[in-house]
Every structure is written in structure tokens, then in C-alpha cells.
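**Q** Counting in the working numbering, the sequence shown runs from 101 upward without gaps. Even for Gly, the Cβ is constructed at its ideal location relative to N, Cα and C. Before I ask anything, let me first share the structure, which is written out below as C-alpha cells.
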Amino acid sequence: MNLQSIPQKFIQPHQERLHFSQIILSESIPVLDISNLDDPKVAESIFLENVIEAGHKFFELPVEERRKYLKENSPTHTVQLKTSFSPLAEKVLEWKDHLFHIYDSDDDESTKLWLAVPKDQVLEYMKWAKPIIAKLLEVLLERLKVKQIDELINSAVMGTLIVNLIHYPVCPSPELTAGAVNHVDVFSITMLLQDDVGGLYI
Numbered sequence: 101m102n103l104q105s106i107p108q109k110f111i112q113p114h115q116e117r118l119h120f121s122q123i124i125l126s127e128s129i130p131v132l133d134i135s136n137l138d139d140p141k142v143a144e145s146i147f148l149e150n151v152i153e154a155g156h157k158f159f160e161l162p163v164e165e166r167r168k169y170l171k172e173n174s175p176t177h178t179v180q181l182k183t184s185f186s187p188l189a190e191k192v193l194e195w196k197d198h199l200f201h202i203y204d205s206d207d208d209e210s211t212k213l214w215l216a217v218p219k220d221q222v223l224e225y226m227k228w229a230k231p232i233i234a235k236l237l238e239v240l241l242e243r244l245k246v247k248q249i250d251e252l253i254n255s256a257v258m259g260t261l262i263v264n265l266i267h268y269p270v271c272p273s274p275e276l277t278a279g280a281v282n283h284v285d286v287f288s289i290t291m292l293l294q295d296d297v298g299g300l301y302i
């Protein structure tokens, strides 16, 4: 896609645009060391790189191949390609494409319909991340003085596992748009795996 200008529906209003004068530089963000919390053994960094590479490979596919997983075309609701989260409701769209996967361990038939390129890597990542997320939630609940963590509470807090592969295409005028506008994630825990594109502001 070699656009010379941004379509009007992607141009953010002035008050929503990120200006460099708004950025507060900091050497680091708060870091919580969980290395001594009896975390399960995790894979080497090469494994995480495989997830990033799988995402890149999907978005390098021909447009017609990717379109097969648009909401209206996808063979299953558990994997869909979208632009914004609610394109029909949003007045301005975000400058991104994202392929999200909803994992249900009781629905193997749906998982079989996932696209071959990222499927294995996404499933492995979910298996790797689940015990880490569970441990983090356990520690947080303990700090909140939750005395008894039964299966019902654990299931409710854990919720649904979702992996979102996000692609930000090259933009001719990045100062006019946003890959993601100001927002707060609605999930209990977000694990961010970022490539070398950069541009994340917290």
C-alpha cells in the first residue's frame, strides 16, 4: 500500500492527536520483579520471536488471502481480521489492522479453522502465557486480601484468553492519525510483546 495521503476517515481531530510536547520523557516505567514468585519454566526468547515473525508473515500475505478472515468472511468467530475495534460505531478509524484470536480450550473444532500461518505460534504462546498470567493474578488477589481463591473466582478473574496480532502500516502523515488512541485495556492482564517498530506511549 503506497498511499500519498491519508483517507479522511483516518484523520484524528486535533484534540486527539499526539503531540511531542505532550510526551514526558522518563528513563523507565515502574518495573515489578516477579523472578522469585515460583513462576513456571518459560521458553527461550527465540520462542517469542517466532510469535512476532508469525504476525509479520500474516500481514505480508496478499490482500485477498487476508480478506478471508474479515469478520464477514471468517469461517469462525474466534479469529477475525479488523481495522478498528468498532468501525461502524467509530467516527474516526485507527491506523492499524489486527488479527485477533479467542482461545477456548473446549472448542478444538473452531481452532482448526484458524489460518495456518500464525496458528501454531499463537497456540504455543497462549499455553506459555496462561500459567504466568494465573500466577500474576494469584499474587494480585493475595495483595488485595482475598482470603480464598476458589475455582469460580479464578475462572472469573482469568476470563478469556485473547491474542491480538496488530499491524501498523507505513503512514504518509503519522502526525494526523493514530495507531491506537488514548484508551485503557478492559482485560485483567495485558501481556505486550513488541517488535522493533516502536511508537508505544504509556
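Using DSSP's beta-bridge definition, name the partner residues of Tyr268.
**A** Stepping through the sequence shown from its first residue, residue 268 is reached at position 168. The partner list for Tyr268 (beta bridge, DSSP) is empty, contrary to what the question assumes.
**Q** Evaluate Leu293 with the Cβ neighbour count: other Cβ atoms within 10 Å of its Cβ, from every protein chain shown; 16 or more gives buried, anything less gives exposed.
**A** For the purposes of this step, residue 293 is taken as residue 193 along the sequence shown, with counting starting at 1. Under this definition Leu293 is an exposed residue.
**Q** Which word fits Phe158, buried or exposed, when buried means at least 16 other C-beta atoms lie within 10 angstroms of its C-beta?
**A** Indexing the sequence shown from 1 puts residue 158 at position 58. That one is buried.
**Q** Count the other C-beta atoms from every protein chain shown that fall within 10 angstroms of the C-beta of His198, then say buried if there are 16 or more, exposed otherwise.
**A** Position 98 of the sequence shown, counting from 1, holds the residue named residue 198. Under this definition His198 is a buried residue.
**Q** Using only alpha-carbon positions, find the residue among Leu240, Thr211, Val284, Glu149 that is nearest to Asp296.
**A** Taking the first residue of the sequence shown as 1, we reach residue 296 at position 196. Of the candidates Leu240, Thr211, Val284, Glu149, the one whose C-alpha sits nearest the C-alpha of Asp296 is Glu149.
**Q** With distance defined between alpha-carbon atoms, name the residue in Val281, Ile262, Phe110 nearest to Asp204.
**A** Residue 204 sits at position 104 when you count from the first residue of the sequence shown. The candidate whose alpha carbon is nearest that of Asp204 is Ile262.
**Q** Going along the chain, which residues of its own chain have a beta-carbon closer than 8 Å to the beta-carbon of Phe105, five neighbours each way excluded?
**A** The residue given as residue 105 occupies position 5 in the sequence shown. Rather than Phe, the amino acid found at residue 105 in this sequence is Ser. Contacts found: Pro272, Ser273.
**Q** So what does DSSP say about Phe110, is it helix, strand or coil?
**A** Your numbering for residue 110 matches position 10 in the sequence shown. In this structure, Phe110 counts as helix in the three-state DSSP scheme.
**Q** Under 9 Å between the Cβ atoms of Asn254 and Ala229?
**A** Working through the sequence shown from its first residue, we reach residue 254 at position 154. Working through the sequence shown from its first residue, we reach residue 229 at position 129. Contact flag unset, no.
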